[in-house]
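> Below is a structure I'd like to ask you about.
In my numbering, the protein residues as written are -18 to 358.
Structure, rendered in structure tokens:
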């Protein structure tokens, strides 16, 4: 099976520019507004309309022709962070929101403090962590916070790390999970502008994934997406053997809790074949290092699958047990964009993998041979 000679794409420098703008704002569960604004700005400046649902989540769509199957790409706009729950002047307490499970909580953790109204920020230090489990927030820890300015309950704090520093093929990020995934989807939509081949691609940029897949669950529960569409969760997930940084985007067969839809994955496998013809690396693996939004959709009756950027220092877990930037590779990001574009076009024509026609029907000669009776002595 061959595909078009050239995959629609966008310049790598533009990809990195999009990534920097999407990853620049601070984010936390329930405090994703600035990232959502950045994504909206990228899409609308390119002439791609957006809408916001009742839960503050952003939707977009690009299409052409009479596509046989719509695809939905989903990524979340939050990342594990901290929320101020007590404040007295410049001191207080902050609760972890989401899956920070560091083996070693350093004596002091540098953060920056933000709110949802202004763009101002100030520095603070976290210390004295204590175990305080709150399942509703996927939280196990509360710590002391001491800041340079006055604190207020409801502010949020993020790790004082680079938002997106590029060095060669590496991008060191405060929140690759999942702002790199958001940027990947934005770039897929940008790459499909003006594409005449049939496709129907939706995107949803969700909220509060880190505390319980809440945005995805609400989208599924409330029927905010077309039921005939196949959903592709886009993540930046823990590197594992067989899902290694620098070897291309990973087609995700499942996560820690669920295996995903073979039928939805079919279009990703077709895309892998097309990319292999042009020497673009991809991988396929069962990624058990975490749980992604495809699990929420699968368990709620949707047809869903996933892709993932291999993420070094997943959830900012440094090799020494403390905090460090997450790291993704530029080449993997470009591989993911190409895969997303090709999957959308494969869905548009309901394409099958090249090997499937050969095995769809058992050859008559084999059928007849297996009908023969066992020889008698």
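Even for Gly, the Cβ is constructed at its ideal location relative to N, Cα and C.
These figures come from a predicted structure and were not determined experimentally.
#1: Check this for me: beta carbons of residue 229 and residue 150, under 9 Å apart or not?
#2: DSSP has residue 264 in a bridge; who is on the other side?
#3: Please report the distance separating the alpha-carbon of residue 111 from that of residue 307.
#4: Quick check: is the beta carbon of residue 64 nearer than 9 Å to any beta carbon in chain C?
#5: Over the uninterrupted beta strand (DSSP E) stretch that includes residue 307, give me the two end residues.
#6: Kindly indicate which residue of 315, 156, 91, 63 has the alpha-carbon position closest to the one of residue 165.
#7: Confirm, please, whether the CB-CB distance from residue 233 to residue 172 is below 9 Å.
#8: Which stretch, first to last residue, makes up the beta strand (DSSP E) that contains residue 278?
#9: State yes or no: is the C-beta of residue 220 within less than 9 Å of the C-beta of residue 291?
#10: Cα separation between residue 179 and residue 78?
#11: Consult DSSP for residue 289 and reduce its assignment to one of helix, strand or coil.
#12: Taking residue 73 as the reference, which of 105, 49, 44, 80 has the closest Cα?
#13: Work out the CA separation of residue 102 and residue -5 for me, nearest whole Å.
#14: Based on DSSP bridge pairs, tell me the residues matched to residue 73.
#15: Taking residue 108 and residue 89 to be in contact with their CB atoms under 8 Å, please state how far apart those CB atoms are, rounded to whole angstroms.
#16: How is the alpha helix (DSSP H) around residue 26 delimited, first residue to last?
#17: Three-state secondary structure (DSSP) at residue 195?
#18: Taking the straight line between their C-alpha atoms, what separation do you get for residue 273 and residue 351?
#19: Is it buried or exposed, residue 354, if we count other Cβ atoms within 10 angstroms and call 16 or more buried?
#20: How should residue -15 be labelled, buried or exposed, when 16 other C-beta atoms within 10 angstroms of its C-beta is the threshold for buried?
#21: Mapping DSSP to helix, strand and coil, what is residue 29?
#22: For residue 262, which residues in the same chain have their Cβ closer than 7 Å to its Cβ, ignoring the five residues on either side in sequence?
#23: Give me whichever residues DSSP pairs with residue 378 in a beta bridge.
#24: Identify, in the order they occur along the chain, each residue of the same chain with its Cβ nearer than 6 Å to the Cβ of residue 250, setting aside the five sequence neighbours on each side.
#25: What residues match up with residue 146 in a beta bridge as DSSP calls it?
#26: Identify, in the order they occur along the chain, each residue of the same chain with its Cβ nearer than 8 Å to the Cβ of residue 177, setting aside the five sequence neighbours on each side.
#27: Cβ of residue 154 within 9 Å of Cβ of residue 148?
#28: I need the boundaries of the beta strand (DSSP E) containing residue 115, first residue and last residue.
#29: Which residues in the same chain have their Cβ closer than 6 Å to the Cβ of residue 239, if we skip the five residues on either side of it in sequence?
#30: According to DSSP, is residue 331 part of a helix, a strand, or is it coil?
#31: Are the CB atoms of residue 169 and residue 54 within a distance shorter than 9 Å?
#32: Would you tell me roughly how many angstroms separate the C-alpha atoms of residue 82 and residue 349, rounded to the nearest one?
#33: Going by the CB atoms, is the gap between residue 52 and residue 182 shorter than 9 Å?
#34: Identify the continuous alpha helix (DSSP H) that holds residue 208 and give its terminal residues.
#35: Could you please give the first and the last residue of the uninterrupted alpha helix (DSSP H) stretch that includes residue 346?
#36: Comparing alpha-carbon positions, which option in 186, 19, 208 lies nearest residue 41?
Considering the structure as presented:
#1: It is not a contact, given that the beta carbons lie outside the stated cut-off.
#2: 231
#3: 25 Å
#4: The structure shown has no chain C; it contains just one protein chain.
#5: 307 to 310
#6: 315
#7: no
#8: Per DSSP, residue 278 belongs to no beta strand (DSSP E); it is in the alpha helix (DSSP H), 274 to 280.
#9: yes
#10: The C-alpha of residue 78 is placed about 41 Å away from the C-alpha of residue 179.
#11: Note: residue 289 maps to strand in three-state DSSP.
#12: With distances taken between Cα atoms, residue 73 lies closest to 105.
#13: 28 Å
#14: 68, 126
#15: Yes, residue 108 and residue 89 are in contact; Cβ-Cβ is about 5 Å, under 8 Å.
#16: 14 to 26
#17: helix
#18: Their Cα atoms are separated by approximately 44 Å.
#19: exposed
#20: With a pLDDT of 47 at residue -15, under the threshold of 50, the modelled position of this residue cannot be trusted; read the value that follows with caution. Exposed: under 16 other Cβ atoms inside 10 Å.
#21: Here residue 29 sits in coil by DSSP.
#22: 228, 229, 316
#23: The question about residue 378 has no answer, for the chain in this structure spans -18 to 358.
#24: 334
#25: 153
#26: 45, 46
#27: no
#28: 103 to 115
#29: For residue 239, where only same-chain residues beyond five positions count, the Cβ hits under 6 Å are 276, 279.
#30: coil
#31: yes
#32: 59 Å
#33: yes
#34: No alpha helix (DSSP H) holds residue 208; DSSP gives it neither H nor E.
#35: 345 to 352
#36: 186
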